[in-house]
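To start, the structure under review is shown below, and the notes come after it.
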Amino acid sequence: MRSPTAVPPGPMCSVIAARSAPVAPCERGSCSAPPTRAARWSIPAWSKATALAMASVSAVVRNQGGAIHGGTTGVLLERGGTVTNLAGSVIGASSGHGISVVNDGGSVANAGAISGGLIGVLLDSGGNVANGSTDGGATVATGAEISGGTYGLWIGGNVVNYAGSTIRGNGNAGVLIAGASGTVDNRGIIDGLEDGIRLESGGTVINRGIVRGGTTAGIALANGGTQEHLGGQIVAQRGSGVQAAGGAIIDSHATIEGAPNAVQARQGQRAGLEHRRLRHLVPERRAQARRLYRHVAAVRLVRQQGGRRRPADGRLWRQRLGHLRRDRLCVPVAWWMGGGAAGPARLREVRRR
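Just so you know, the sequence shown maps onto residues 1 to 353 in UniProt numbering.
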């Protein structure tokens with residue numbers, strides 16, 4: 001049976017190799033060469049195997065206009081490394097992960113298309129992902145996409161999604177930051193069936209693009225964190241625009257939309273939320289600002305009582321939550337909820353900007 005990592009024979013023989021790979025001339029049936037060379041052939045999925053697996057430390061894979069398709073995994077780096085997928089290149093797996101970097105940190109830079117039946121890109125030990133550029137943002141390639149059947153991207157690290165690029169999770173979240181705090185800088189589109197972006201261990205979300213969630217939230221801060229909403233939209237079709245627990249800070253300058261709630265703070269050990277500022281600088285959008293005000297005024301604190309969730313009293317919130325003046329919507333209130341059976345929510349004024 002042919003090895004799943006074998007290189008196709010013939011004159012198009014090129015290289016994907018780890019730094020420790022031997023250097024040898026091309027022959028009829030196989031080839032290997034210096035690790036900086038790029039792949040330009042199509043590696044098909046043989047049986048249910050991984051198309052390309054690297055076991056050496058800090059392996060380097062550079063896909064330059066080729067297609068790498070695997071059954072379980074497209075590219076597997078077992079001891080960390082770097083994957084660069086240039087514009088017009090494709091990396092995919094029908095039933096597993098498009099790219100999987102395990103046991104050590106890694107980085108993925110994508111300007112093409114990466115897809116997986118389960119996860120588009122998995123970095124289980126931290127690292128960095130750039131979607132839409134392979135040179136640190138000096139050149140931005142529109143149309144870059146990372147998608148997965150469950151999660152588009154699962155990482156314990158940092159993500160930059162450039163303008164014109166998309167990260168999509170067709171079963172759970174578009175981007176999941178798990179295992180460690182991280183930063184998501186979104187300038188394009190992040191889309192998830194449940195959550196657009198989910199941070200399990202805190203971190204920061206900076207949004208200038210569009211974040212869309214489905215049944216749970218546009219952005220879910222499961223254990224606190226900071227969300228800076230500088231433009232664009234955060235929206236959930238059937239969930240909350242932003243759902244937070246554990247002392248989250250929401251600094252918003254644009255639109256947040258949700259079906260039941262625009263912003264929802266959930267009970268945690270010390271759950272809280274600070275919504276500092278919402279701006280609509282265009283006078284024609286006053287009607288939209290008023291609608292958004294009603295969404296924010298209807299925010300609910302959910303308290304856990306006897307295993308059942310129920311909203312806290314919202315009358316005081318409507319009295320204190322803010323005011324509409326000219327073309328600016330200000331919400332100069334931070335609200336905090338004590339843990340356990342600490343009683344009703346406590347409100348605290350913050351300085352108006």
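A virtual CB, placed ideally from N, CA and C, is assigned to each residue, including glycine. The structure presented is a predicted model; accordingly, all values stated were derived computationally and were not measured.
- Message: When you compare the region 141-148 with the region 177-186, are there three or more beta-carbon pairs, one atom per stretch, that lie closer than 8 Å?
- Response: The answer is no - the region 177-186 does not touch the region 141-148, with fewer than three Cβ pairs under 8 Å.
- Item | Within the region 93-175, ranges of the beta strand (DSSP E) (whole runs, at least 3 residues) | Taken in chain order, the unbroken stretches of beta strand (DSSP E) that lie wholly in the region 93-175 and span 3 residues or more are 97-101, 106-110, 113-116, 119-131, 145-148, 151-161 and 166-169.
- Item | Selected residue, minimal CA-CA separation from GLY132, among ASP124, THR84, GLY156 and GLY117 | Counting from one through the sequence shown, the residue named residue 132 turns up at place 132. Among ASP124, THR84, GLY156 and GLY117, the Cα nearest to that of GLY132 belongs to THR84.
- Query: Since LEU77 is in the beta strand (DSSP E), which residue starts that stretch and which ends it?
  - Reply: On the sequence shown, residue 77 is found 77 positions in, with the first residue counted as 1. Start and end: 73-77.
- Task: Go to SER226, then tell me how far its beta strand (DSSP E) extends in each direction, as first and last residue.
- Result: Looking up residue 226 in the sequence shown gives position 226. The sequence as given places Thr at residue 226; Ser does not occur at that position. THR226 -> beta strand (DSSP E) spans 226-229.
- Near SER240, which residues of its chain fall below 6 Å by C-beta distance, leaving aside the five closest residues on each side in sequence? Mapped onto the sequence shown, residue 240 falls at position 240. So the qualifying residues of the chain are ALA217, GLY258, ASN261 and GLN264.
- Item | Span of the beta strand (DSSP E), counted from its first residue to its last, around LEU52 | In the sequence shown, residue 52 corresponds to position 52, counting from 1. That run of the beta strand (DSSP E) goes 52-54.
- Apart from the five residues on each side of it in sequence, which residues of its chain come closer than 6 Å, Cβ to Cβ, to GLY179? Within the sequence shown, the letter at position 179 stands for residue 179. Only residues of its own chain outside the window of five on either side were considered, and among them GLY156 have a CB closer than 6 Å to the CB of GLY179, listed in chain order.
- Task: Have a look at ALA51, GLY88, VAL242 and GLY80 and flag the residue whose alpha-carbon is nearest the alpha-carbon of GLY65.
- Result: Here residue 65 corresponds to residue number 65 of the sequence shown, with the count starting at 1. Of the candidates ALA51, GLY88, VAL242 and GLY80, the one whose C-alpha sits nearest the C-alpha of GLY65 is GLY88.
- Query: Should VAL129 and VAL159 be called a contact, given that it needs their Cβ atoms to be closer than 8 Å?
  - Reply: Here residue 129 refers to the residue found at position 129 of the sequence shown. Here residue 159 refers to the residue found at position 159 of the sequence shown. It is a contact, given that the beta carbons lie within the stated cut-off.
- Message: Could you tell me which whole beta strand (DSSP E) segments of length 3 or greater appear in the region 171-226?
- Response: Within the region 171-226, the complete beta strand (DSSP E) segments at least 3 residues long are 173-177, 182-186, 189-192, 195-199, 203-207, 210-213 and 217-221, listed from N- to C-terminus.
- Under three-state DSSP, which class holds ALA244? By 1-based counting over the sequence shown, the position of residue 244 is 244. Note: ALA244 maps to strand in three-state DSSP.
- Message: Report the CB separation of VAL61 from GLY98 in whole angstroms; it is logged as a contact under 8 Å.
- Response: For the purposes of this step, residue 61 is taken as the residue at position 61 of the sequence shown. For the purposes of this step, residue 98 is taken as the residue at position 98 of the sequence shown. That pair is no contact at about 12 Å.
- Please go through the same chain and pick out, in chain order, the residues whose beta-carbon is closer than 7 Å to the beta-carbon of LEU86, but skip the five residues on each side of it. What you label residue 86 is simply residue 86 of the sequence shown in a count that begins at 1. Once the five neighbours on either side are set aside, the close Cβ partners of LEU86 are ASN63, GLN64, GLY65, ALA111, GLY112 and THR134.
- So, using beta-carbon positions, are THR226 and THR255 closer together than 8 Å? Residue mapping note: residue 226 aligns to position 226 of the sequence shown, counting from 1. Residue mapping note: residue 255 aligns to position 255 of the sequence shown, counting from 1. The Cβ atoms of THR226 and THR255 do not sit closer than 8 Å to each other.
- Query: Rounded C-beta distance between ALA163 and GLY209? I'm assuming under 8 Å.
  - Reply: Counting from one through the sequence shown, the residue named residue 163 turns up at place 163. Counting from one through the sequence shown, the residue named residue 209 turns up at place 209. Taking a contact as a CB-CB distance under 8 Å, the pair ALA163 and GLY209 counts as one, their CB atoms being some 7 Å apart.
- Query: To the nearest angstrom, how far is it from the Cα of HIS69 to the Cα of GLN233?
  - Reply: Within the sequence shown, numbered from 1, the residue matching residue 69 stands at position 69. Within the sequence shown, numbered from 1, the residue matching residue 233 stands at position 233. Approximately 34 Å, taken between the alpha carbons.
- Item | Own chain residues within Cβ distance below 6 Å of ARG79, not counting five before or after | Translated into positions along the sequence shown, residue 79 becomes position 79. Answer for ARG79: VAL57, ASN103 and ASP104, listed in chain order.
- Message: Please return the same chain residues whose Cβ sits closer than 7 Å to the Cβ of ARG187, not counting the five positions on each side in sequence.
- Response: On the sequence shown, residue 187 is found 187 positions in, with the first residue counted as 1. Excluding residues within five positions, the ones whose Cβ falls inside 7 Å are ASN161, TYR162, ALA163, ARG208 and GLY209.
- Item | Under 8 Å between C-beta atoms of GLY169 and LEU199 | As a working mapping, residue 169 is identified with position 169 in the sequence shown. As a working mapping, residue 199 is identified with position 199 in the sequence shown. Between GLY169 and LEU199, the gap from beta carbon to beta carbon reaches 8 Å or more.
- On a CA-only basis, which of SER201, HIS253, GLU228 and ARG212 is nearest residue 375? Give me that one, please. Because the chain is modelled from 1 through 353, residue 375 falls outside the range shown and cannot be assessed.
- Query: With which residues is HIS69 paired in a DSSP beta bridge?
  - Reply: Position 69 of the sequence shown, counted from the start, is the residue given in the question as residue 69. GLY92.
- Query: Could you give the C-beta distance for VAL101 and GLY81, rounded to a whole number, given that I count them as a contact under 8 Å?
  - Reply: Within the sequence shown, residue 101 is the residue found at index 101, counting from 1. Within the sequence shown, residue 81 is the residue found at index 81, counting from 1. Yes, they are in contact, since the Cβ atoms of VAL101 and GLY81 sit about 6 Å apart, within 8 Å.
- Between which two residues does the beta strand (DSSP E) carrying ARG62 extend? Numbered from its first residue, the sequence shown carries residue 62 at position 62. Per DSSP, ARG62 belongs to the beta strand (DSSP E) from 59-63.
- Item | Under the three-state DSSP convention, the category GLY81 falls into | In the sequence shown, residue 81 corresponds to position 81, counting from 1. Correct three-state label for GLY81: strand.
- Message: Can you list, in chain order, the residues of its chain with a C-beta nearer than 6 Å to that of THR73? Leave out the 5 residues immediately preceding and following it.
- Response: The count along the sequence shown starts at 1 and reaches residue 73 at position 73. Correct list, in chain order: THR50, ALA93, GLY96, HIS97 and SER100.
- Task: Going by CA-CA distance only, name the one from VAL108, ILE250 and GLY152 that's closest to LEU118.
- Result: Walking along the sequence shown from the start, residue 118 turns up at place 118. Checking every option, the nearest Cα to that of LEU118 belongs to GLY152.
- Identity of the residue in THR166, GLY224 and GLY213 nearest SER115 by Cα: The residue you call residue 115 lines up with position 115 of the sequence shown. Nearest option by C-alpha distance: THR166.
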